[in-house]
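Input: a single structure, listed below in structure tokens.
Protein chains: 2
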Amino acid sequence: MLAEGFVKCMQGSILFGALPEDVFNRIAQHAHVTTARQGDTICREGEEAFSVFCVAEGAVKLTVAGRNGREVVVDIFHPGTCFAEALLFRKDAYPVSAVALTDSKVILVSKSVIEAELLREPGTIPTLLSATYAHLHRLLRQIEHLKATSGLQRVAGYILALDDLDRNTNFVQIPYEKQTLASMLGIKPETLSRSFRRLSEHGVRVDGPIIEVMDRKALEAFLGEA
Amino acid sequence: MLAEGFVKCMQGSILFGALPEDVFNRIAQHAHVTTARQGDTICREGEEAFSVFCVAEGAVKLTVAGRNGREVVVDIFHPGTCFAEALLFRKDAYPVSAVALTDSKVILVSKSVIEAELLREPGTIPTLLSATYAHLHRLLRQIEHLKATSGLQRVAGYILALDDLDRNTNFVQIPYEKQTLASMLGIKPETLSRSFRRLSEHGVRVDGPIIEVMDRKALEAFLGEA
DNA sequence: GGAATTCCTTGACTGATATCAACGCGATCT
DNA sequence: AGATCGCGTTGATATCAGTCAAGGAATTCC
Chain A
123 MLAEGFVKCM QGSILFGALP EDVFNRIAQH AHVTTARQGD TICREGEEAF SVFCVAEGAV
183 KLTVAGRNGR EVVVDIFHPG TCFAEALLFR KDAYPVSAVA LTDSKVILVS KSVIEAELLR
243 EPGTIPTLLS ATYAHLHRLL RQIEHLKATS GLQRVAGYIL ALDDLDRNTN FVQIPYEKQT
303 LASMLGIKPE TLSRSFRRLS EHGVRVDGPI IEVMDRKALE AFLGEA
Chain B
123 MLAEGFVKCM QGSILFGALP EDVFNRIAQH AHVTTARQGD TICREGEEAF SVFCVAEGAV
183 KLTVAGRNGR EVVVDIFHPG TCFAEALLFR KDAYPVSAVA LTDSKVILVS KSVIEAELLR
243 EPGTIPTLLS ATYAHLHRLL RQIEHLKATS GLQRVAGYIL ALDDLDRNTN FVQIPYEKQT
303 LASMLGIKPE TLSRSFRRLS EHGVRVDGPI IEVMDRKALE AFLGEA
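As given, the protein sequences belong to chains A and B, one line each in that order. When you number the first sequence by my numbering, it's gap-free, plus one each residue, and the end is 348. When you number the second sequence by my numbering, it's gap-free, plus one each residue, and the end is 348.
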């Protein structure tokens with residue numbers, strides 16, 4: 123049986139949150155939680171998919187192997203986000219690896235459990251599509267940014283999005299390595315470092331892992347003009 | 123009633139191709155074909171979605187509006203490709219615009235028709251997921267390329283992928299404007315022009331809209347080393 | 001405690017890409 | 001035919017981002 127906090131987490135997710143109570147409960151009964159230490163691999167690109175995941179605590183990066191073998195961070199997920207649900211009903215391999223960036227807790231539900239429930243209640247399929255569509259949309263936006271904005275602007279956009287999460291205070295702490303963030307933004311660590319520095323002219327101050335948004339308006343203006 | 127060629131096209135798509143015959147036929151009965159002249163908009167980002175599309179002839183670009191208002195080409199679809207199926211069961215707007223790059227024919231099926239069939243035969247849901255997963259996977263790969271490879275390499279990769287379609291001859295004609303291709307690859311038209319030129323050292327010759335792959339091995343080698 | 005490791009930063013440099021401007025070419029229109 | 005327009009190319013230049021190298025700070029390992 124799942125502890126209450128984890129149930130809440132699932133209920134907050136797009137994938138599970140909109141399910142009727144009985145369906146949700148049957149799925150939750152078969153869910154279980156794994157603890158991943160920083161650096162642990164939750165699933166590996168190329169391995170056959172058996173589970174759907176939901177981040178409950180910590181942060182998880184999704185990566186793909188680039189052509190030269192170097193890893194590329196495709197996205198970073200925080201609590202309340204599910205992934206791998208697009209592999210439901212398919213005998214297929216994970217297209218990405220998932221690695222814990224901090225000590226994390228991840229809820230696992232085996233595909234077959236969810237599949238059985240969805241087939242039993244076809245009316246719940248829209249929630250599945252919603253979750254997958256959200257991912258699709260996220261990737262679309264990311265492609266737009268990669269194609270149409272500079273590295274510096276992407277860094278600025280990242281900070282503004284961060285700040286959305288934590289709007290009361292102007293300080294945010296990056297809870298993972300900056301090289302990971304650099305890969306996520308599609309730039310090199312050196313360039314990220316210099317970008318933070320350059321943004322001091324646009325209302326941002328970065329000290330170690332701490333980002334301070336001193337003048338949010340200025341930062342938004344910088345992002346807006348381009 | 124749909125002409126035979128269009129039925130074949132639908133049968134060749136991921137979304138419709140794997141459906142049981144009776145389900146397919148009921149859907150096909152409600153499908154209809156529109157002719158889009160070059161430059162015509164098939165659907166517009168932000169407008170509410172009512173149809174699912176399947177490219178039957180020509181080429182269609184998917185674009186999003188970038189921050190500064192400039193359009194970014196996200197993907198280019200050829201006959202046999204369906205899109206917008208991820209919006210099934212959702213009252214939502216198209217996240218992209220679709221514009222015909224050449225005179226094209228596009229098959230339209232209204233969402234409600236497909237939704238009714240999927241609910242009647244829940245066993246067909248996997249095909250829906252397959253199509254959406256294919257898109258997801260395609261976007262993932264694109265992000266990988268944008269983050270981990272140079273513009274020149276992306277041009278090379280594009281040519282190799284083109285050539286896959288047309289392997290018997292070494293000539294391929296780009297059937298749309300090069301500025302569109304540049305946006306798709308995330309570079310400026312000027313840079314694309316220079317990239318083509320530079321690839322002459324790697325077994326490619328470009329003359330106007332015609333690409334000739336003179337030494338495929340050399341091109342693959344160039345792409346592989348990096 | 002000290003050595004080694006990892007991550008981040010910084011500097012100098014190189015290479016890649018964007019920008020600005022000019023021009024050629026073909027298509028279209030009158 | 002001549003004018004106009006859009007597209008593609010090319011050149012000169014500026015800006016941006018990657019590379020290489022070095023060093024500092026924090027952490028881990030003996």
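All C-beta atoms, glycine included, are put in the ideal place defined by N, C-alpha and C.
In the DSSP annotation of this structure, the continuous segment of the beta strand (DSSP E) that includes B/T185 starts and ends at 182 to 187.
Along the stretch 178 to 191 of chain A, going in chain order, the ones with a CB nearer than 8 angstroms to a CB of chain B are V186, G188, R189, N190. Assignment of A/T246 by DSSP, reduced to helix, strand and coil, places it in the helix class.
The stretch 288 to 335 of chain A contains, as complete alpha helix (DSSP H) runs of 4+ residues, the segments 300 to 307, 311 to 320 (chain order).
Note that the C-beta distance between A/A171 and A/A215 is below 9 angstroms. Runs of the beta strand (DSSP E) spanning 3 or more residues and lying entirely within the stretch 219 to 279 of chain A occur at 219 to 222, 226 to 232, in chain order. Between B/A181 and B/P331, the CB-CB gap reaches or exceeds 9 angstroms. For B/F138, the enclosing alpha helix (DSSP H) covers residues 136 to 139. When CB distances to chain A are screened at a threshold of 7 angstroms, the residues of the stretch 249 to 269 of chain B falling below it are L251, S252, T254, Y255, H257, L258, H259, L261, L262, Q264, I265, E266, L268, K269, in chain order. In this structure, B/A220 lies near B/T163, with their beta-carbon atoms less than 9 angstroms apart.
With a cutoff of 9 angstroms on beta-carbon distance, B/H152 and B/S232 are scored as near each other. When Cβ-Cβ separations below 9 angstroms define contact, A/A208 makes contact with chain B. A distance below 8 angstroms between beta-carbons, with the five flanking residues on each side excluded, links A/G127 to the following residues of its chain, in chain order: A178.
For B/A125, no beta strand (DSSP E) encloses it, and the DSSP letter there is neither H nor E. Taking C-beta separations shorter than 6 angstroms and ignoring five residues to either side along the sequence, B/G191 has no partners in its chain. Using a CB distance cut-off of 9 angstroms, B/S219 does not count as an interface residue toward chain A. In the structure shown, B/A153 adopts coil according to DSSP, grouped into three states. In the displayed model, A/D337 falls within coil according to three-state DSSP, outside both helix and strand. With the rule of 3 Cβ pairs closer than 8 angstroms, the stretch 224 to 242 of chain B counts as touching the stretch 142 to 149 of chain B. At a cut-off of 9 angstroms between C-beta atoms, B/V174 does not count as an interface residue with respect to chain A.
For B/S234, the closest Cβ of chain A is not nearer than 9 angstroms. Within chain A, the C-beta atoms nearer than 7 angstroms to that of B/L241 come from P244, in chain order. Relative to B/A304, the option among B/Q295, B/E243, B/R276, B/A125 whose CA is nearest is B/R276. For A/F199, the enclosing beta strand (DSSP E) starts and ends at 193 to 199. When C-beta distances to chain A are compared with 8 angstroms, the residues of the stretch 289 to 322 of chain B below that value are S305, G308, in chain order. Counting only the Cα atoms, B/A253 lies some 35 angstroms from A/G346. Contacts with chain B at 9 angstroms (Cβ-Cβ) include A/V194.
Around the CB of A/Q264, 16 or more other CB atoms lie within 10 Å, so the residue is classed as buried. Distance from the CA of A/T185 to the CA of A/S135, rounded to the nearest whole angstrom, comes to 21 angstroms. Residues of the same chain with a CB within less than 7 angstroms of the CB of A/R320, apart from the 5 flanking positions on each side, are L274 in chain order. The C-beta of A/L345 comes closer than 9 angstroms to at least one C-beta of chain B. Contact between A/I198 and A/L223 holds, since their C-beta atoms are separated by about 7 angstroms, short of 8 angstroms. The Cβ of A/R212 sits closer than 9 angstroms to at least one Cβ of chain B. Across the structure, A/L314 and B/P244 are spaced so that their CA atoms are roughly 48 angstroms apart.
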